[in-house]
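Trainee:
Number of protein chains: 2
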Amino acid sequence: MVLDERKFMILKAIIDDYILTAMPVGSRTISRKSGVGFSPATIRNEMSDLEELGYLAQPHTSAGRVPSNKAYRLYVDRILSSGEISAEEKQRIEEYMKRRSGQVEDIIRAAADVLADATQYTSVIVAPQIQTLRIKRVQIVPVTDTTALMIVVTSAGIIKDAIISVPAEMDSESLHKLSEMLTHELAEHTLAEVRQIFARMFRDLSINRRLLGGVMQVMEDKLTEDAPEDVVIGGSTKLLNYPEYSDIEKAKNFLALFESRDRLAGLLKRNGGMDVTIHIGAENGVAALNDCSLVTASYRVGEHGNGMLGIIGPTRMNYRRVVTIMEYMGDVISRMLSSEQK
Amino acid sequence: MVLDERKFMILKAIIDDYILTAMPVGSRTISRKSGVGFSPATIRNEMSDLEELGYLAQPHTSAGRVPSNKAYRLYVDRILSSGEISAEEKQRIEEYMKRRSGQVEDIIRAAADVLADATQYTSVIVAPQIQTLRIKRVQIVPVTDTTALMIVVTSAGIIKDAIISVPAEMDSESLHKLSEMLTHELAEHTLAEVRQIFARMFRDLSINRRLLGGVMQVMEDKLTEDAPEDVVIGGSTKLLNYPEYSDIEKAKNFLALFESRDRLAGLLKRNGGMDVTIHIGAENGVAALNDCSLVTASYRVGEHGNGMLGIIGPTRMNYRRVVTIMEYMGDVISRMLSSEQK
DNA sequence: GATTAGCACTCAATACAGATGAGTGCTAAC
DNA sequence: GTTAGCACTCATCTGTATTGAGTGCTAATC
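Residue numbers (our numbering), protein chains in the order written: chain L, 5 to 346; chain C, 5 to 346.
Below, the structure written as structure tokens:
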């Protein structure tokens, strides 16, 4: 048996209806739809075939049919072309984003909110990967006699900061000099390269080795340590509005996931490619999201460094709309974060 | 009718049982308890009195009794003395907190997790109020030709940073000078005082007024603007484990509240005093938390600046335990944040 | 006079039995 | 190949007992 044109059309009609209603759809419903010129009986025969092919499932004998993940996969692969986002919506998004100040954190926060609001699903955004960003400046500011604040400014305007301890002998002026030197050495390199550069500097640097050694050791550790992922979530309770998650146990599952930013970031990074990619049901590989779909995309910041965005919703998600919005938002975020550097 | 010793004892027994089980408690249950030497019939008579006095309520005729908010209030006011926290638990908390690095954000994050874990309720911690902190240093670091990063280090080691735009004529060296000058002028003052100091500086400063004017205007705005509250939430899904919130609609209510950090911060600041304070049911004044209790406390950082911590749970919360833990955690947080400055 | 045993009463929760109706699968007619 | 017709399935709804936890009241007991 093969999936001919008519079967495909019927399957599409079923999916479209199910996305809207979340209720098993029957043959009569499809038959009534304009564009399908067949009686319920014919539809039934086709549905029976579609079930055998694994595209449909029946919750119980006397219920209508529900699309399987295989059906969504087909639907996404065959039908999906990103649509056009309406002008008003574009404007609404732009305006909301414009009002935000220039801090990276704020922009990402705003973007997550917009994304959740536009899709009505839960959104997740991972900040640009700091390891791949190019350093622009390093600054060390005294805080107390023995501690200082180290600030690293990168090409995306992103800051990595950490409190480090310094020898009491180093005063404000010498820290300033150290800052200038480090800026000179590290500028235009990525964080990932810091270790090698430091190694080279240790060889070349004859003076002050004892004094600087300790400071730089700490810096190196701080810079190269795995930072807790910078992840923001928008509309974490949006999913509770969908009937498939009205069960408190299911809800607990993914709400717990949202508490662990690290796991979320891992999820996005594992599943994300450059383009918008769709993971249906178990494809995403996390048990808590087995009956969810995950749509991921990435955005670029400057020449290096990129971050991820994703939305999580029921498998019967409005893929077309989501993909469209994701593409657009990826653009918007890239643009806003890149304009930081101007 | 008056609330004599025996009535009070029975009421306490009822509350204790209800806190444990969340089920209406009947006369037989109380009668069986050791320490209560009366038959169910006697208890029933007393319960009937207690109901008339407004301390108990019956969900329906043939159910047991449930304590009213008035009862919890009495219970809390009359009985509550903070207990002792077990040595093991203390150690567990200390150890978990010790592992955290010295960043304020991280410490608060960890504290929220510990608090939620220890109480099994949802915890909220508001970072120290930045307006009352004393500035230690101001540093302006160039990012691009026309933008710079302004960093303010305060007594708690807390950083306020913002991207500001600067005239293209100002190079790294002059920004450094500006930083030194600002540090000199602003050190030891609170953020709240910045506006006056700037006003005075404008009068005194004859040179470079045009050049500096713009920069300082921006700085003033950034420093005095209402920062989005720095609030962390721990165990936001903990409440879902309690039967009173198994209804998805109720759950949505307070989960939505957790998405708005500003509202949460406002809630804590409005309700919080210096000591541990307890707000039962509608006392906290937020509709979404009408059937929750809110326990708040504050912690001090250095001499100035203080933050809030709170936990949110069902009205039948284990107040004694919660108060004990809150007192202890307030101490721990104060200690850890203050040690920052050493 | 306080306490308790006894008993009738209430009412949520549970279980069960039809009834309903949406939907199917199959067969025979078109 | 398509469709009308019909028997069948089964979740859902509705109404009715049944159960049992718990109460309030009264009369007996301490």
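Where a beta carbon is used, it is the ideal one built from N, C-alpha and C, also for glycine.
(1) Measure the beta-carbon distance from residue 268 (chain C) to residue 259 (chain C) and round it to whole angstroms, keeping in mind my assumption that it falls under 8 Å.
(2) Rounding to the nearest angstrom, what Cα-Cα distance links residue 224 (chain L) and residue 198 (chain L) in this structure?
(3) Kindly indicate which three-state DSSP category residue 282 (chain C) falls into: helix, strand or coil?
(4) Here's the rule I'm using: 16 or more other beta-carbon atoms within 10 Å means buried, otherwise exposed. How should residue 127 (chain L) be labelled?
(5) Leaving out five residues on either side along the sequence, give the residues of the same chain with a beta carbon under 7 Å from the beta carbon of residue 10 (chain C).
(6) If contact is defined by three or more beta carbon pairs under 8 Å, each pair taking one atom from either stretch, is the segment 326-344 of chain C in contact with the segment 133-147 of chain C?
(7) Are the C-beta of residue 146 (chain C) and some C-beta of chain L separated by less than 9 Å?
(8) Could you please tell me which residues of the segment 67-97 of chain L, in chain order, have their CB closer than 7 Å to any CB of chain C?
(9) Could you say which of L:17, L:281, L:239 lies nearest to residue 114 (chain L) if we only look at CA atoms?
(10) Any beta carbon of chain C sitting closer than 9 Å to that of residue 346 (chain L)?
(11) Name the chain L residues that come within less than 7 Å of residue 143 (chain C), Cβ to Cβ?
(12) Classify residue 117 (chain L) as buried or exposed, calling it buried when 16 or more other Cβ atoms lie within 10 Å of its own Cβ.
(13) Which of the residues in the segment 314-327 of chain C, read from start to end, lie with their CB under 9 Å from any CB of chain L?
(14) Residue 58 (chain C) to residue 75 (chain C), Cα distance in whole Å?
(15) Nearest-angstrom Cα distance between residue 346 (chain L) and residue 168 (chain C)?
(16) Distance check for residue 156 (chain L) and residue 151 (chain C), CA to CA, integer angstroms please.
(17) Could you name the residues that DSSP lists as bridge partners for residue 238 (chain C)?
(18) If you follow the beta strand (DSSP E) that residue 317 (chain C) is in, where does it begin and where does it stop?
(19) Using a Cβ distance threshold of 8 Å, determine whether the segment 273-286 of chain L contacts the segment 244-256 of chain L, with at least three qualifying pairs required.
(20) Kindly identify the DSSP beta-bridge partner or partners of residue 303 (chain L).
(21) Using a Cβ cut-off of 8 Å, pull out every chain C residue sitting near residue 259 (chain L), in sequence order please.
(22) List, in chain order, every chain L residue whose beta-carbon is nearer than 9 Å to that of residue 250 (chain C).
(23) Using only alpha-carbon positions, find the residue among L:194, L:180, L:30, L:81 that is nearest to residue 154 (chain L).
(24) Would residue 180 (chain L) count as contacting chain C if we go by Cβ distances under 9 Å?
(25) Tell me the rounded alpha-carbon separation between residue 302 (chain C) and residue 204 (chain L).
(26) Taking 9 Å as the cut-off, decide whether the C-beta atoms of residue 52 (chain C) and residue 44 (chain C) are in contact.
(27) Which residues bound the beta strand (DSSP E) around residue 156 (chain L)?
(28) Taking its Cβ as the centre, do 16 or more other Cβ atoms sit within 10 Å of residue 341 (chain L), making it buried, or is it exposed?
(29) What number of angstroms, rounded off, separates the C-alpha of residue 8 (chain L) from the C-alpha of residue 47 (chain L)?
(30) Does the beta-carbon of residue 120 (chain C) have 16 or more other beta-carbons within 10 angstroms, so that it is buried, or is it exposed?
(31) How is residue 140 (chain C) classed by DSSP in three states: helix, strand or coil?
(32) Which chain L residues are close to residue 256 (chain C), counting only those with a beta carbon under 9 Å from its beta carbon?
(33) What span of residues does the alpha helix (DSSP H) with residue 188 (chain L) cover, start to end?
(34) If the cut is a Cβ gap below 7 Å, which residues of chain C does residue 263 (chain L) touch?
(35) Return the chain-ordered list of same chain residues with a C-beta closer than 7 Å to the C-beta of residue 247 (chain C), the five sequence neighbours on each side being excluded.
(36) If distances are taken between C-alpha atoms only, which option among C:79, C:220, C:237, C:65 comes closest to residue 323 (chain C)?
Mentor: Reading off the structure:
(1) The pair is not a contact, with the Cβ atoms about 12 Å apart (cut-off 8 Å).
(2) Taken atom to atom, the span from the alpha-carbon of residue 224 (chain L) to that of residue 198 (chain L) is near 7 Å.
(3) strand
(4) Label assigned to residue 127 (chain L): buried.
(5) 50
(6) no
(7) yes
(8) none
(9) Residue L:239 is the option with its Cα nearest to residue 114 (chain L).
(10) Unreliable placement is indicated for residue 346 (chain L), whose pLDDT of 39 sits below 50; the coordinate value is still reported in the next sentence. Chain C, which has a Cβ nearer than 9 Å to the Cβ of residue 346 (chain L), makes this yes.
(11) 143, 145
(12) A residue is called buried once 16 or more other Cβ atoms fall within 10 Å of its Cβ, and residue 117 (chain L) is buried on that count.
(13) none
(14) 8 Å
(15) At residue 346 (chain L), the pLDDT of 39 sits below 50, so the modelled position is not reliable; the number obtained from the coordinates is stated separately. Rounded to the nearest angstrom, the two C-alpha atoms are 12 Å apart.
(16) 15 Å
(17) C:127
(18) 310-318
(19) With a cut-off of 8 Å, the segment 244-256 of chain L and the segment 273-286 of chain L do not count as touching, because too few Cβ pairs lie within range.
(20) L:311
(21) 240, 241, 244, 259
(22) Simply 252.
(23) For the residues L:194, L:180, L:30, L:81, the minimum Cα distance to residue 154 (chain L) belongs to L:180.
(24) yes
(25) 49 Å
(26) no
(27) 151-158
(28) buried
(29) Pairing residue 8 (chain L) with residue 47 (chain L), the inter-Cα distance amounts to about 14 Å.
(30) A residue is called buried when at least 16 other Cβ atoms come within 10 angstroms of its Cβ; residue 120 (chain C) meets this threshold and is buried.
(31) strand
(32) 241, 244, 245
(33) That run of the alpha helix (DSSP H) goes 176-190.
(34) Per Cβ cutoff of 7 Å: 240, 241.
(35) 26
(36) The candidate whose alpha carbon is nearest that of residue 323 (chain C) is C:79.
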